[in-house]
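Step one of this worksheet: look at the structure below.
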Amino acid sequence: MLIVQKYGGSSVANAERVLNVARRILESYRSGHKMVVVLSAQGDTTDDLLAKARALNPDPSKRELDMLLATGEQQSVALMALAIHKLGAPALSLNAVQVGIEATSQYGNARIKRIRPERITRALELNNIVIIAGFQGVNRYGDLTTLGRGASDTTAVALAAVLGADLCEIYSDVDGVYTADPRMVPNARKLPNISYDEMLELASMGAQVLHNRAVEMAKRHRVKLVLRSSWSEDEGTEIKEGSTMEKLLFSGLAVDKDVARISVMGLLDRPGIAFHIFSLLATQKISVDIILQTAGSGKTKDISFTVVQADLDAVLKTLEANKEAIGYEAVTSDISLAKLSIIGAGMATNSGVASAMFEALYDCGVNINLISTSEIKITVLIDKEVAEQAARAIHDKFAQLMEE
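In the numbering used here, the protein residues as written are 120 to 523.
Below, the structure written as structure tokens:
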């Protein structure tokens with residue numbers, strides 16, 4: 120059996136934790152399994168490296184940042200190999216160049232194009248535990264590129280897909296997927312399983328248990344994926360096609376405070392104006408989430424949309440540079456909002472889901488700024504200050520409905 124395991128930064132934050140993970144890896148290895156292990160940088164290493172870079176240059180080159188940040192994962196894999204050697208087993212650490220993880224050239228948020236698994240396969244045939252640096256790839260120029268924060272998950276799933284692994288386990292400091300963040304909603308419940316689609320919505324909407332691109336890849340390649348805790352032997356949450364559970368009104372709730380809303384006002388009401396705006400943003404590799412178009416005054420309209428806060432300056436600069444071509448009157452932005460989403464495969468066949476969510480918000484006095492819906496998701500923009508209060512109220516409302 121071939122198993123791919125991924126361990127997050129908190130799981131390998133210091134020497135004691137590295138040895139703990141090494142012992143866990145060896146349990147599977149000595150049970151006869153072939154092991155490929157993907158690691159994140161230790162603890163706060165990535166943040167510390169970012170701080171060092173910005174202390175020298177407040178606007179650092181993205182290429183040089185990737186060169187710097189990729190060293191965090193390389194430290195982790197080398198240290199893990201040393202720990203496994205100490206425990207008496209063969210291990211080989213590899214970075215993205217050595218593995219052949221080919222990626223796009225978008226520094227800071229590259230995507231994996233292909234993986235050449237020959238070196239991994241040879242190392243496994245020699246009975247090595249293969250330990251691979253997550254979060255990184257190499258572009259067509261031979262430069263290291265990073266895949267975005269949290270993307271070691273994506274590295275692990277991509278490797279599992281290419282190698283035809285029997286199982287991909289994602290280990291972190293949580294023991295599975297909960298109906299909400301337990302730190303925010305104390306009565307959140309752990310789910311034994313969840314569908315790819317539901318997990319993808321949760322990950323995209325701000326639940327930080329799994330990278331959204333990892334879920335996309337797992338769904339596409341039907342990778343058997345389980346989220347587990349590094350600290351316990353408890354059963355985790357399996358992510359799979361469909362669910363063995365009865366279709367629920369509500370599978371999870373996510374809050375994302377990393378949101379900026381932009382409103383482009385006074386646009387001429389003519390065909391192609393939305394295409395013009397969003398094609399400009401697409402050329403800058405800026406992803407847009409909620410979009411709302413409303414009537415302005417006279418023959419004009421307004422378009423509002425959300426992006427992650429890191430992209431706000433780039434959006435404003437792009438809009439300002441193209442003001443004459445777009446033909447708008449004004450642009451406003453707001454970073455005081457949070458995105459709150461409820462997700463559930465049962466929403467499509469159960470009436471009253473939206474009204475229950477809105478009733479919960481009304482009962483706790485929370486005003487809604489924007490609303491977006493899909494077959495299995497309802498998202499609202501609300502004031503950031505009341506997001507956690509709103510999350511608890513909505514979770515309680517749906518927990519009560521599901522008990523009835």
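By construction, the Cβ of each residue, glycine as well, lies at the ideal position given by its N, Cα and C atoms.
Given the structure is predicted, the values throughout are model-derived calculations rather than measurements.
Note on geometry: alpha-carbon atoms of residue 310 and residue 510 lie some 18 Å from one another. Residue pairing by DSSP leaves residue 485 without any beta bridge partner. Taken atom to atom, the span from the alpha-carbon of residue 370 to that of residue 413 is near 31 Å.
If you draw a straight line from the Cα of residue 245 to the Cα of residue 196, it comes to about 19 Å. Taking C-beta separations shorter than 6 Å and ignoring five residues to either side along the sequence, the partners of residue 321 in its chain run 371, 373, 462, following chain order. Residue 454 counts as exposed, since fewer than 16 other C-beta atoms from the protein chains shown sit within 10 angstroms of its C-beta.
The C-beta separation of residue 496 from residue 460 comes to about 6 Å, placing the pair in contact by the 8 Å criterion. DSSP places residue 161 in the coil class of the three-state scheme, outside both helix and strand. Burial state of residue 333 is buried, judged by a 10 Å Cβ sphere holding 16 or more other Cβ atoms.
Per DSSP, residue 424 is one residue of the beta strand (DSSP E) stretching across 419-426. Membership of residue 303 in any alpha helix (DSSP H) is not indicated, and neither H nor E is assigned to it by DSSP. Of the candidates 181, 217, 381, 235, the residue whose Cα lies closest to the Cα of residue 431 is 381. As the crow flies, the alpha-carbon of residue 349 is around 39 Å from that of residue 410. Looking from the CA of residue 480, the closest CA among 452, 401, 516, 208 belongs to 516. Beta-bridge pairing by DSSP links residue 345 to 288, 357.
Inter-segment contact for the segment 172-190 and the segment 145-158 is absent: fewer than three beta-carbon pairs are separated by less than 8 Å. In the structure shown, residue 384 adopts extended strand secondary structure according to DSSP, grouped into three states.
Exclusion of the five residues before and after residue 256 leaves 215, 220, 221, 222, 229, 231, 264, 266 as the residues of its chain whose Cβ lies within less than 7 Å of its Cβ.
With contacts defined by Cβ atoms closer than 7 Å, residue 207 and residue 162 do not form a contacting pair.
Contact between residue 376 and residue 503 holds, since their C-beta atoms are separated by about 5 Å, short of 8 Å. Residue 142 counts as exposed, since fewer than 16 other beta carbons sit within 10 angstroms of its beta carbon. In this structure, residue 137 places its C-beta atom within 7 Å of the C-beta atom of residue 198. The three-state secondary structure of residue 466, taken from DSSP, is helix. The C-beta distance from residue 437 to residue 386 rounds to 15 Å, too long to meet the 8 Å contact threshold. A straight-line Cα-Cα distance of about 26 Å links residue 488 and residue 297. In the three-state scheme derived from DSSP, where H, G and I count as helix and E and B as strand, residue 430 is classed as helix.
For residue 332, the enclosing alpha helix (DSSP H) starts and ends at 331-340. With respect to residue 500, residue 442 sits apart: the two C-beta atoms are not nearer than 7 Å. Spatial neighbours of residue 323 in its own chain (CB-CB distance under 7 Å, excluding positions within 5 residues in sequence) are listed in chain order as 331. Taking C-alpha positions only, residue 423 is separated from residue 383 by approximately 6 Å.
For the segment 124-185, the continuous alpha helix (DSSP H) assignments of 4+ residues that do not extend past its boundaries occur at 134-148, 164-175, in sequence order.
For residue 491, DSSP records a beta bridge to 498.
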